[in-house]
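Numbering (this note's numbering), first residue to last: 302 to 860. For glycine and all other residues, C-beta sits at the position ideal for the given N, C-alpha and C.
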Amino acid sequence: MQSRLKRMNGQSPRVIFGCKKAGKHVPQKNVDPDKHRNCTSSRECCPCQIVVRSPRELFPRWRITSLVTDHCHELKKCDILESNQRDKRLSAEMLQLITTHAGKCDPKFIVYMLQHEWPDKAFDLRTVANAIQKAKNSAHIGGSEAAELHKILQDKTRNDKDWFFATDLDENGRLRRMFWMSPSQRYLYRRYRDVVISDNTYKTNRFGMPLNVIVIIDNAGKSRLVGCSLVSGESVEDYEWILEQLLAASDNVYPHIIFVDEDPAMEAACATTISKTTVLNCIWHLRQNLNKNLHGALGKDWNDFISAFWTTRNALTASDFERRWSEHVAVFGVDKPKIEGYLKRISEKREHWAWPWVGTRFTAGMQSTQRVESMNAAIKRAVNGKTSLPALFEAIEKKLSNEAQTSKYILYKTDTTVDPATSTFVQQMFADVIDANNRYLGIAAKSQMKLEMSRSVLYQSNPHTGIDACAPRSIEGGDFEEIERSSKDDREMSSLQSIQTIVGSDRIVQIFDVTFRLDTERKSLQHILLLADGSYICTCLLPPKQRICMSTLFPSDAS
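What follows is the structure in structure tokens.
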């Protein structure tokens, strides 16, 4: 039987139960009948139907208004069972049969086997398919795929003692968490643990287990995957377990900096497990949370708020930040408890995202988890929500192999290629410096040094004109690329006024504007301040803010 609901204007609703062979087939295409396939429709204009209504005076009761029990066709046994005895409940014996054959047989064939064992019961294909999927989900954690992945990691550990993996099972013996690091990953983490990024990605396996990845930056400035975990959730306990395994695999070597996406569970886990590590927040996720929590509440004031917020965030000093926060940001929460409460919460953790504190740390030029998001995207191009656990592991291993090959190629190109951007004049002028760089510096550091040396011959300086061309720009809107670009500009071109405030006007002897020789508009690029003690300071603040960490400074073979 099939049913359809009809609601009549101003009348009680009507439900019609009819035979599935009722009605007449109406072709939906205008094609020569001679070209039709040799098949017929199951509809035979069967008159059997039951009509019920629910008048207002009887609601919620229903009344049969029409009943026709005659069929114009012969009834089969399965039709009688389907009409009268369909029961979607499955007994324990039926579920056991489904579990035994789940993943091995087609759902329709399993229905056929069930029908053979219980001939007096009609089985619904959708119910059986749901039971099959549930059996698969239950089997994976304590069954074949988890066991297969465990065996793969065991074999690798047996063949190479530098492999590390750990598993955590629940009270029923099902896999709850798994962590692994290859020998090369352990080496990379120990060497480049200065800046670590951690993030979860989803839909990488058929069981919905989040994949946690840990990424570092090597001496070529490239992202390298150094740790993977499969977890059953995103609780504090899950993240604590991941960090504990990271320390166990690295002989308790703590990361110096870790970037997270403002996940309270991850931040709590970091506070208890790696308390020596500085935790920084991704500015992209910070922007997303601002939008989610304040955009609607602020309404038309949103654009003014977000501009003031980012200008305050990019302040050079803590005192400047506090002043701007109280004068330009906190005012948006006056007499608005929700906004005031949220601003107070993020202000209490300003050391994790505001530039006066972030700018004093080596972050390899990062302010977000964008690198790990790119890593997640690369992994998800090779896997999907239907990938098995062993297949996911193999895809990650292939990704690691490609990373290693790329690293070797970059090293080869660097050692065998002469940079055309470095002119003969520059090479002669900085011959000793270039020689020392080639002997001691890594790829990223050498590239930065070459760039600065090439730029230096194009600079010219003139006495200060009184115009500060390096004033920080406010940020309208919330485009992430604009936020990153403006933050970078504020780092490299801090305002002359802020520098004068920090240094003190009585210590400044003279100020020069530095421009490019080829710049026809003569716009001020940077400012150099000559101080009374014979020293100088530039508004680019390159030495204190773009310093290169020791592990990324030297080549990988340096002792």
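Between the beta-carbon of residue i and the beta-carbon of residue j, is there less than 7 Å?
i      : j      : result
Ile518 : Val496 : yes
Pro556 : Thr578 : yes
Pro356 : Val369 : no
Ser669 : Trp585 : yes
Val537 : Ala570 : yes
Ala432 : Ile453 : no
Ala616 : Pro565 : no
Ile558 : Arg662 : yes
Val810 : Leu831 : yes
Arg478 : Asp471 : no
Ala655 : Arg614 : yes
Please look up how many angstroms separate the CB atoms of residue i and residue j, rounded, as I've assumed it's under 8 Å.
i      : j      : result
Ile829 : Ile800 : No, Ile829 and Ile800 are not in contact; Cβ-Cβ is about 10 Å, not under 8 Å.
Phe813 : His765 : 6 Å
Gly522 : Tyr490 : Not confirmed; about 17 Å, so no contact.
Leu742 : Met750 : 7 Å
Leu644 : Val659 : Not quite, the Cβ-Cβ distance comes to about 19 Å (not below 8 Å), so this is no contact.
Leu526 : Lys709 : No, Leu526 and Lys709 are not in contact; Cβ-Cβ is about 16 Å, not under 8 Å.
Ser530 : Asn513 : 4 Å
Ile640 : Leu587 : In fact, because the Cβ distance is near 16 Å, the residues do not count as touching under 8 Å.
Glu628 : Asn590 : Rounded, the Cβ-Cβ distance is 23 Å, inconsistent with contact.
Does the Cβ of residue i have 16 or more other Cβ atoms within 10 Å, making it buried, or fewer, making it exposed?
i      : result
Cys373 : exposed
Thr840 : buried
Asp769 : Low confidence applies here, because Asp769 scores a pLDDT of 47, under 50, leaving its location unreliable; read the following figure in that light. Looking at its Cβ environment, which holds 16 or more other Cβ atoms inside 10 Å, Asp769 is buried.
Cys320 : buried
Phe410 : exposed
Gly404 : exposed
Phe726 : exposed
Arg624 : exposed
His653 : buried
Ser620 : exposed
Arg646 : exposed
Arg494 : buried
Asp539 : buried
Gly634 : buried
Asp552 : exposed
Lys541 : Residue 541 is actually Glu in this sequence, not Lys. Buried, since its Cβ has 16 or more Cβ neighbours within 10 Å.
Gln455 : exposed
Glu704 : buried
Arg792 : Here the model assigns Arg792 a pLDDT of 43, short of 50, so the residue's position is not dependable and the matter cannot be decided.
Quick check on this structure: which residue in the options has the alpha carbon closest to the alpha carbon of residue i?
i      : options                           : result
Gln761 : Cys571, Phe633, Gln811 and Leu826 : Leu826
Ser702 : Pro484, Thr428, Leu398 and Lys462 : Pro484
Asp425 : Cys346, Glu623, Asn590 and Met395 : Met395
Glu649 : Cys347, Lys714 and Trp626         : Trp626
Val532 : Glu628, Ala423 and Arg475         : Arg475
Thr458 : Lys322, Met482 and Lys504         : Met482
Phe466 : Leu617, Ile803, Pro511 and Gln546 : Gln546
Ile351 : Cys340, Glu345 and Thr366         : Thr366
Glu345 : Ala696, Gly324, Ser576 and Trp363 : Gly324
Arg315 : Asp421, Glu449, Asp736 and Trp363 : Trp363
Asn520 : Ile711, Ala737 and Lys504         : Ile711
Asp861 : Met567, Asp407, Leu591 and Thr612 : Residue 861 cannot be examined here, being either before or after the span of the chain that is shown, 302 to 860.
Val353 : Val327, Ser343, Lys322 and Phe318 : Phe318
Met676 : Ile498, Asp371 and Lys422         : Ile498
Thr707 : Gln486, Ser392, Ser524 and Phe560 : Ser524
Lys862 : Asn738, Met754 and Ser755         : Outside the shown range of the chain, which is 302 to 860, sits residue 862, and nothing can be said about it.
Lys322 : Ile543, Leu376 and Pro328         : Leu376
Lys437 : Arg740, Glu563, Gln397 and Asn460 : Gln397
Where do the ends of the beta strand (DSSP E) carrying residue i lie?
i      : result
Gln668 : Gln668 -> no beta strand (DSSP E), and no H or E assigned at all.
Met479 : Leu476 to Met482
Tyr413 : No beta strand (DSSP E) holds Tyr413; the alpha helix (DSSP H) holding it covers Pro408 to Glu418.
Ala745 : Looking at the DSSP string, Ala745 is not in any beta strand (DSSP E); the run it does join, the alpha helix (DSSP H), is Ile744 to Ser757.
Pro764 : Tyr760 to Pro764
Asp371 : Counting along the chain, Asp371 falls outside any beta strand (DSSP E), and DSSP gives it neither H nor E.
Asp814 : Ile809 to Phe817
Gly686 : First-last for Gly686: undefined, no H or E at that position.
In the DSSP assignment, find the alpha helix (DSSP H) that holds residue i and state where it starts and stops.
i      : result
Gly642 : Pro638 to Glu649
His451 : Ser445 to Asn460
Tyr555 : Where Tyr555 is concerned, there is no enclosing alpha helix (DSSP H), given that its DSSP letter is neither H nor E.
Pro565 : Pro565 to Thr574
Val727 : Thr725 to Met730
Val804 : Leu797 to Val804
Leu396 : Ala393 to His402
Asn590 : Ile584 to Leu599
Thr612 : Trp603 to Arg614
Ser836 : That residue, Ser836, is in no alpha helix (DSSP H); it is neither H nor E in DSSP.
Arg624 : Ala619 to Arg625
Leu547 : Val537 to Ala550
Val659 : Trp656 to Val659
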